[in-house]
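For reference, the structure is listed below as structure tokens.
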Amino acid sequence: AQKVTQAQTEISVVEKEDVTLDCVYETRDTTYYLFWYKQPPSGELVFLIRRNSFDEQNEISGRYSWNFQKSTSSFNFTITASQVVDSAVYFCALNRDSSYKLIFGSGTRLLVRP
Amino acid sequence: DAGVIQSPRHEVTEMGQEVTLRCKPISGHNSLFWYRQTMMRGLELLIYFNNNVPIDDSGMPEDRFSAKMPNASFSTLKIQPSEPRDSAVYFCASRGGTTYNEQFFGPGTRLTVL
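Chains as they are written, first to last, in my numbering: chain A, 1 to 114; chain B, 1 to 114.
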């Protein structure tokens with residue numbers, strides 16, 4: 001069975017703080033893909049990143065960074081120097097190789113206060 | 001390039017009325033998905049098309065829901081008759097081309113059934 005757990009329901013930080021959103025996944029597959037999506041207050045779902053199971057190299061994109069650790073089945077997302085515009089619900093998702101189904105976590109609501 | 005286009009963005013209707021939601025996927029994508037998002041159930045996959053053919057409709061709630069994809073650039077999700085419990089945000093997403101497994105979502109249609 002596949003599952004994605006985002007244990008943090010809601011996080012509140014003050015602008016310029018660093019914040020890490022946790023994502024833990026379960027799968028028996030050896031090849032799979034992990035994703036992060038952002039859903040701002042306007043409602044759309046924005047694709048942020050895809051990671052393949054065979055590539056554990058961490059990735060940095062501006063203030064965003066992702067830490068993929070197969071040993072702990074985690075794919076955590078860190079925002080450095082958070083900004084009010086980062087306020088959104090963030091979803092982690094899992095996809096098996098050769099499958100179309102995205103398994104979403106329940107999301108983490110991030111509130112960045114000025 | 002244009003992203004996934006959905007219309008209408010908002011729909012308010014009365015119970016018993018027919019509702020039609022529309023989606024134009026990203027050009028060149030061969031997979032199309034319809035999702036429903038509610039507070040109680042999160043993101044649910046309703047139906048998946050590949051090359052215009054419905055592959056998995058196991059998420060369609062009941063016979064009141066139907067979806068079509070007459071060509072590669074257009075899909076509809078119809079609810080007839082609508083009920084208040086159908087109130088939700090409906091997303092269309094597409095995948096394919098040179099992207100890997102990531103799905104790109106449209107802005108969603110917020111449906112309210114009174």
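Even glycine gets a Cβ: it sits at the ideal position worked out from N, Cα and C.
Boundaries (first-last residue) of the beta strand (DSSP E) holding residue i
| i | result |
| --- | --- |
| V19 of chain B | 19-24 |
| G96 of chain B | 88-96 |
| Y35 of chain B | 29-38 |
| R41 of chain B | Where R41 of chain B is concerned, there is no enclosing beta strand (DSSP E), given that its DSSP letter is neither H nor E. |
| D56 of chain B | 53-56 |
| C92 of chain A | 88-96 |
| P70 of chain B | 65-71 |
| S99 of chain A | Neither: S99 of chain A is in no beta strand (DSSP E) and is coded neither H nor E. |
| R109 of chain A | 108-113 |
| L114 of chain B | From DSSP, L114 of chain B is part of no beta strand (DSSP E); its letter is neither H nor E. |
| T76 of chain B | 74-79 |
Chain A within 8 Å of residue i, Cβ atoms only
| i | result |
| --- | --- |
| S27 of chain B | no |
| E102 of chain B | yes |
| P107 of chain B | yes |
| S66 of chain B | no |
| V53 of chain B | no |
| L43 of chain B | yes |
| V113 of chain B | no |
| V12 of chain B | no |
| S31 of chain B | yes |
| Y90 of chain B | no |
Minimum Cβ-Cβ distance from residue i to chain B less than 8 Å
| i | result |
| --- | --- |
| L94 of chain A | no |
| L111 of chain A | no |
| G43 of chain A | yes |
| F75 of chain A | no |
| Y90 of chain A | no |
| R51 of chain A | no |
| F104 of chain A | yes |
Cβ-Cβ separation, residue j to residue i (assumed contact under 8 Å), whole Å
| i | j | result |
| --- | --- | --- |
| Y33 of chain A | N101 of chain B | 5 Å |
| R36 of chain B | Y90 of chain B | 6 Å |
| I79 of chain B | R64 of chain B | 6 Å |
| G28 of chain B | L45 of chain B | 22 Å between Cβ atoms; not a contact. |
| F104 of chain A | L43 of chain B | 5 Å |
| V19 of chain A | I11 of chain A | 6 Å |
| Y25 of chain A | S65 of chain A | The pair is not a contact, with the Cβ atoms about 18 Å apart (cut-off 8 Å). |
| S87 of chain B | L111 of chain B | 6 Å |
| F35 of chain A | A93 of chain A | 4 Å |
DSSP state of residue i mapped onto helix, strand, coil
| i | result |
| --- | --- |
| R50 of chain A | strand |
| T5 of chain A | strand |
| K16 of chain A | coil |
| V85 of chain A | helix |
| T72 of chain A | helix |
| R28 of chain A | coil |
| R63 of chain A | coil |
| R9 of chain B | coil |
*Mind checking the segment 11-40 of chain A against chain E and listing, in chain order, the residues whose C-beta falls within less than 8 Å of any C-beta there?*
No chain E is present in this structure, whose protein chains are A and B.
*Evaluate contact between the segment 7-16 of chain B and the segment 54-71 of chain A, counting only Cβ atoms and requiring at least three cross-stretch pairs below 8 Å.*
Taking a cut-off of 8 Å for Cβ pairs, the segment 7-16 of chain B and the segment 54-71 of chain A do not touch, as fewer than three such pairs fall below it.
*Spell out a yes or no on whether the segment 83-102 of chain A and the segment 67-74 of chain B are touching, meaning 3 or more CB-CB pairs, one atom from each, closer than 8 Å.*
no
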